[in-house]
Amino acid sequence: NAGVTQTPKFQVLKTGQSMTLQCAQDMNHEYMSWYRQDPGMGLRLIHYSVGAGITDQGEVPNGYNVSRSTTEDFPLRLLSAAPSQTSVYFCASKRRDSDYGYTFGSGTRLTVV
Amino acid sequence: GNSVTQMEGPVTLSEEAFLTINCTYTATGYPSLFWYVQYPGEGLQLLLKATKADDKGSNKGFEATYRKETTSFHLEKGSVQVSDSAVYFCALTNSGGSNYKLTFGKGTLLTVNP
Numbered sequence: 001n002a003g004v005t006q007t008p009k010f011q012v013l014k015t016g017q018s019m020t021l022q023c024a025q026d027m028n029h030e031y032m033s034w035y036r037q038d039p040g041m042g043l044r045l046i047h048y049s050v051g052a053g054i055t056d057q058g059e060v061p062n063g064y065n066v067s068r069s070t071t072e073d074f075p076l077r078l079l080s081a082a083p084s085q086t087s088v089y090f091c092a093s094k095r096r097d098s099d100y101g102y103t104f105g106s107g108t109r110l111t112v113v
Numbered sequence: 114g115n116s117v118t119q120m121e122g123p124v125t126l127s128e129e130a131f132l133t134i135n136c137t138y139t140a141t142g143y144p145s146l147f148w149y150v151q152y153p154g155e156g157l158q159l160l161l162k163a164t165k166a167d168d169k170g171s172n173k174g175f176e177a178t179y180r181k182e183t184t185s186f187h188l189e190k191g192s193v194q195v196s197d198s199a200v201y202f203c204a205l206t207n208s209g210g211s212n213y214k215l216t217f218g219k220g221t222l223l224t225v226n227p
């Protein structure tokens with residue numbers, strides 16, 4: 001049981017480039033979320049999904065797009081990378097009816113130069 | 114909206130010392146409360162949880178009690194080890210059908226010295 005898998009683990013982008021951070025879970029969880037972690041800021045919600053075909057914005061959605069075509073996958077797209085998007089990104093998932101909170105991936109460390 | 118305020122660190126302790134990390138929250142209704150731990154270079158792991166008032170969550174020697182009257186969920190451990198060095202996050206979700214948003218505190222870095 002792999003849990004939540006994020007790829008890549010590290011990435012360096014130039015300003016203006018686009019890329020997709022991949023997230024996949026094999027636990028048949030309905031809910032999936034993307035967070036960014038910055039020093040002194042904790043984790044902030046970027047986008048979330050409550051099921052295939054349903055997504056919504058979190059606290060800090062600007063500059064990011066998501067889609068959820070399957071239950072398993074929830075990719076995060078950076079449209080035109082900016083240095084302010086340098087961060088560690090975490091994907092997480094949970095069962096809708098579970099009290100056990102979210103299961104997190106191991107993160108993607110992104111640097112935009 | 115929901116918010117979580119936790120003790121700012123960093124916290125530095127000697128091995129076998131007593132640990133308290135304070136956490137208070139603001140939320141409507143009866144949220145579920147969590148402590149997550151992040152070891153260096155890793156993702157977050159659920160440490161413990163409590164889903165209703167007066168519940169005590171516990172795991173690996175850590176405990177926290179859901180206090181609705183003081184809107185608090187303080188993390189405690191009687192005797193810390195070097196291996197407990199990590200960042201600790203307090204978090205909450207609403208209960209029931211709107212339990213998809215997890216709101217975090219800013220995290221507390223704990224360093225335990227031998």
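Sequence lines, in order, name chains A and B.
Its first residue numbered 1, the first sequence is counted upward by one per residue in this note's numbering.
Its first residue numbered 114, the second sequence is counted upward by one per residue in this note's numbering.
For each residue, glycine too, the CB sits at the ideal point set by N, CA and C.
Mind pulling the chain B residues with CB within less than 7 Å of A/Tyr31? Tyr213
Mind checking if A/Leu76 is an interface residue toward chain B, Cβ cutoff 8 Å exclusive? For A/Leu76, the answer is no, since every Cβ of chain B falls outside 8 Å of its Cβ.
Presumed contact (8 Å Cβ cut-off) between B/Ala166 and B/Phe186, rounded CB distance: Between B/Phe186 and B/Ala166 the Cβ distance is about 11 Å, and since that is not below 8 Å, they are no contact.
Residues of chain B with CB closer than 7 Å to the CB of A/Phe10, please, in chain order. Residues of chain B passing the Cβ test: none, with the nearest at roughly 11 Å.
With a threshold of 8 Å, are at least 3 pairs of Cβ atoms found where one atom belongs to the segment 168-185 of chain B and the other to the segment 99-107 of chain A? no
Output the boundary residues of the beta strand (DSSP E) element that contains B/Gln119. Ser116 to Gln119 is the extent of the beta strand (DSSP E) around B/Gln119.
Who are the Cβ neighbours of A/Arg77 in its own chain at under 6 Å, not counting the five residues just before and after it? Residues Thr20 and Asn65 of the same chain have their beta carbon placed closer than 6 Å to that of A/Arg77, with the five preceding and five following residues left out of the count.
Say whether chain A places a C-beta atom closer than 8 Å to the C-beta of B/Gly122. no
Taking Cβ to Cβ, would you say B/Ser208 is nearer than 8 Å to B/Ser116? Pairing B/Ser208 with B/Ser116 gives a Cβ-Cβ distance that is not under 8 Å.
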